[in-house]
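With full-length UniProt numbering applied, the sequence shown corresponds to residues 1 to 81, in that order.
Here is the structure we will look at, set down as structure tokens.
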Amino acid sequence: MQNRSCPVSNASGFWLDEPWKDSDDAQLHLDEKITAQMNMIELTEQDLEIVRSIRPLVLEHIDDIVDSFYDSVLRIDILKN
């Protein structure tokens, strides 16, 4: 399995805690982008609360979780590119 980094789980695991707190404009853009991505995969605030509740376990296994996600995506030919 190839090790991939998770863009939303950097050392701080921002989606498990709080989004970055930069300028208001940057935060609004980030919130809009994250909201669009969440809507695309039907991820809800309740889902995030569940993940937050098991944060230590998720962080312990984040590499395996990300690898599994990308392995699933790459099984679909159209998503490989």
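Note that beta-carbon positions come from the ideal geometry of N, C-alpha and C, so glycine has one too.
Please read these numbers as outputs of a predicted model, since none were measured by experiment.
How is the alpha helix (DSSP H) around residue i delimited, first residue to last?
{"i": "Leu-74", "result": "62 to 74"}
{"i": "Glu-49", "result": "45 to 53"}
Looking at residue j and residue i, is the spacing between their C-beta atoms short of 8 Å?
{"i": "Val-58", "j": "Val-66", "result": "no"}
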